[in-house]
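Order-wise, the sequence lines are chains A and B.
Here our numbering is used: the first residue of the first sequence is 1431, the next is one more, and so on.
Here our numbering is used: the first residue of the second sequence is 203, the next is one more, and so on.
Every residue gets a Cβ at the ideal spot worked out from N, C-alpha and C, and that includes glycine.
Predicted model only: the values in this text are computed from it and were never measured.
One structure is given here, and the rest of the page talks about it.
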Amino acid sequence: MKIGLLALQGDYARHEDIIRQLGWETQLVRYPKQLDALDGLVIPGGESTTMTKLIKASRFRAPILDFAQHASILGTCAGLIMLGNKQIDSQIDTFELINVEVERNAYGRQVFSFDEQIQVNVGDETQSITATFIRAPRITATGANVEILASHNGFPAAVRQGRHIGLTFHPELDDITLFHEFAFGRQGI
Amino acid sequence: MDKGSFKVKIGLAEMLKGGVIMDVTNPEQAKIAEEAGAVAVMALERIPAEIRKDGGIARMSDPAMVKGIQDIVSIPVMAKCRIGHFAEAQILEALEVDFIDESEVLTPADEANHVWKHDFKVPFVCGCRNLGEALRRIGEGAALIRTKGEAGSGNIVEAVRHMRQVQRELKELTILGTEELMARAKELGAPFEQVRQVAKSGKLPVPNFAAGGIATPADASLMMQLGAETVFVGSGIFMSEDPAHRAKAIVEAVTYFDDPPRLAEISTGLKSAMKGLDISEIPPEQRLQERGW
C-alpha cells in the first residue's frame, strides 16, 4: 500500500507522519506521473489559492480527476475546499468530487482558530476526538450521496462521498490516524 | 474550546509550509502577491530596502494600511511590531492580523527584553542567527522561527550563515550526552527544557523558515535545500523590475526546490533582480541582524 501526499504546498509532512504510523509507504507527489503508482492521495491543509496556481502550473487537474475514479482522496481544510463544489473566488479551481458548499475562513482570522472535542461516527463506532480548526472553512450545505461523519456546532465537519473524504479540521496536527485509516484502509469501496 | 493555544498557533505555521510569504506595502501589491501564489503577505509601510535607505525610526504600520490589505486578500496577513513593543503587538492583535513578526527590521523598543508572546492569542514569528536565539524566542512563545539574514540587502549570504549555524547546532545537540546538556544550555543561553527536547528530537519544536536577502528562485531553492520549510521574500520582489513574474517564479521555485531542470525553466527570462548590497558595504551598526537579544 502506497499513499501519496500532494506536496505542492501545505502541511503534507504532518500527513506523511500519519501514513507512516499506519505502516504504509508514502510518496511526496509533485509530478502528475507519480500518481500512477499510488493507492490513495492526501490533499493537505495550506492555502487553496496557492494550490490552485501550482496545480495549474504542473497540469495536475486532469490526472487527479482520473485518479479519483479508482482511488480514494482525503482532503483536510484547504484540501476539503479543493474537493468541494465551485468557489466564488475565481482564483480557486475545485475538483468537485464531494458535493458540498464550502465557505472559506468561516470562523474568522487566526485569533479565532481553536480546538474542541467532537463526536465522530466512523464505521459502527462513535468516538470523541480533539479537532483542531485553523482559519477553518465551514460546510454550509451538503448534496445527495454525502454522508456526514462528524459535525461541529451543527455544521458538518467530516464528510464522505463514495471513496473520498473531506475534513474542515486537521487530524494530522493531533496525531489522529482514524480518518486516514478509514479513507485508505477499507475494503471494497 | 481552546483558542490561541501553542498548538493552534503552530498549526497556522504548519499550513504555511512549502510556500512564500511576501512583503507588501499597499493593497495593489498584496493582490499581485496573492495572484502570484503567496501563502501569506506581510503588511508594512516600507520594505526593508527602503527603511535602510530612508533611515529614521521604523515603527508598526498604520492600522488603516493593514486593514486595507486585509480587505483585499483572502490569504493570511502578517504585520511587524518592534522588538519588545508589546503595546504595538496588542494593537496588531486587536486588528486580527494572522501572525505578528517581532522584527529586527523595525527599530527596537526595548534593549533587553522581547515581547512575552505566551500572553497573546495571535501567533508570533521571530528571527534568529543561531540556536540559542531561536530557543530563547520559542521559550518566550514564538510559534515560528525564521533566519534573520540581512533584510533589505538582496544578499543571501547572511541567511545562509544563520540557517547553517542553526542546523549545525541542532545536530551537535543530538550527539551530546545527557550530562552535557546543562553546560551546553548555558553556552547557548537557551532554556534547559528546550535544549533537552531538541537534543531528543533533533529539530526545532516549531517550523523553521528562511528570511533576509532572498531575491531569486535560486536563492529560494538554496534556503529550502539547507532546511528552510518556507521562505519570506521582503525587498526581493517589489524592488525587482517585474514583481508579478518574479513572485510567481519564486513560488514555483519553493515547490520544485530540488529539481534543477525545472528551476532553470523557472529562472529563464526574469527581468532584473533587485540590485543588492555587499554586506561589507553596510557598516556594522547599520546591520539589522544585530538587533535582538
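Against chain B, the beta carbon of A:L1603 has neighbours under 9 Å at K209, V210, I212, G213, E216, listed in chain order.
Between A:E1533 and A:N1515, the CB-CB gap reaches or exceeds 8 Å.
Interface residue (Cβ-Cβ distance to chain A less than 8 Å): B:V435 is not classified as such.
By the Cβ rule, the region 468 to 479 of chain B counts as touching the region 410 to 423 of chain B, because three or more pairs are nearer than 8 Å. Sequence-distant partners of A:Q1547 (beyond 5 residues in either direction) whose C-beta falls short of 8 Å from its own C-beta, in its chain, are S1558, I1559, T1560, A1561. Restricting attention to alpha helix (DSSP H) runs no shorter than 4 residues, the region 1434 to 1514 of chain A encloses them at 1442 to 1451, 1478 to 1487, 1491 to 1498, 1508 to 1513, ordered along the chain. Apart from sequence neighbours up to five positions away, the residues of its chain that approach B:R331 with a beta-carbon distance below 7 Å are K350, H364, Q367, Q491, ordered along the chain. For B:K233, the enclosing alpha helix (DSSP H) has its first and last residue at 229 to 238. The beta carbon of A:A1487 sits closer than 8 Å to some beta carbon of chain B. Distance between B:K450 and B:A238, taken at the CA atoms: about 5 Å. Within the same chain, and ignoring the five residues on either side of A:Q1521 in sequence, the residues whose Cβ sits closer than 7 Å to its Cβ are T1479, T1482. Taking a Cβ-Cβ cut-off of 8 Å, the neighbours of A:E1546 in chain B comprise M203, D204, given in sequence order. For the pair of segments examined, the region 300 to 307 of chain B was found to touch the region 271 to 283 of chain B: the number of CB pairs separated by less than 8 Å reaches three. A straight line joining the alpha-carbon of A:L1608 with that of A:H1594 spans about 14 Å. Counting along the chain, the unbroken alpha helix (DSSP H) around B:E290 starts and ends at 288 to 296.
Residues of the region 374 to 391 of chain B that bring their beta carbon within less than 7 Å of a beta carbon in chain A are absent altogether. Taking 4 residues as the shortest admissible run, the region 423 to 448 of chain B contains the following complete alpha helix (DSSP H) segments, listed from N- to C-terminal end: 437 to 440. For B:T376, the uninterrupted alpha helix (DSSP H) run begins and ends at 359 to 377, by DSSP. Residues of the region 1560 to 1582 of chain A with a Cβ closer than 8 Å to any Cβ of chain B, in chain order: T1562, I1564, R1565.
Of all C-beta pairs linking the region 344 to 360 of chain B to the region 478 to 486 of chain B, three or more are shorter than 8 Å, placing the two stretches in contact. Within 7 Å of the CB of B:S276, the CB atoms of chain A belong to T1479, D1519, R1534, N1535, in sequence order along the chain. In the DSSP assignment, B:Q396 falls outside any beta strand (DSSP E) and lies within the alpha helix (DSSP H) extending over 394 to 403. DSSP places B:L390 within a helical segment (H, G or I) once states are collapsed to three.
For B:K323, at least one C-beta of chain A is nearer than 8 Å to its own C-beta. By the neighbour-count definition (other C-beta atoms within 10 Å, threshold 16), A:K1486 is an exposed residue.
Neighbours of A:A1443 in chain B, taken as residues whose beta carbon is under 9 Å from its own, are E216, K219, G220, E431 in chain order. Chain-ordered, the chain B residues with CB closer than 9 Å to the CB of A:A1437 read G220, T457. By the Cβ rule, the region 320 to 334 of chain B counts as touching the region 378 to 394 of chain B, because three or more pairs are nearer than 8 Å. Under the Cβ distance rule, A:V1459 does not count among the residues neighbouring chain B, no pair being separated by less than 8 Å. Neighbours of B:E236 in chain A, taken as residues at a C-beta separation under 8 Å, are given in chain order as T1479, Q1521. CA-CA distance, B:V268 to B:Q231, rounds to 12 Å.
Here the C-alpha atom of A:R1450 lies approximately 11 Å from the C-alpha atom of A:M1431. For A:T1556, the number of other beta carbons within 10 angstroms of its own is below 16, and it is reported as exposed.
Among the bridge pairs identified by DSSP, B:D303 is matched with B:K282, B:V327.
Around the beta carbon of B:G220, 16 or more other beta carbons lie within 10 angstroms, which makes this residue buried. Against chain B, the CB of A:H1500 has no partner CB under 8 Å away; the residue lies outside that interface.
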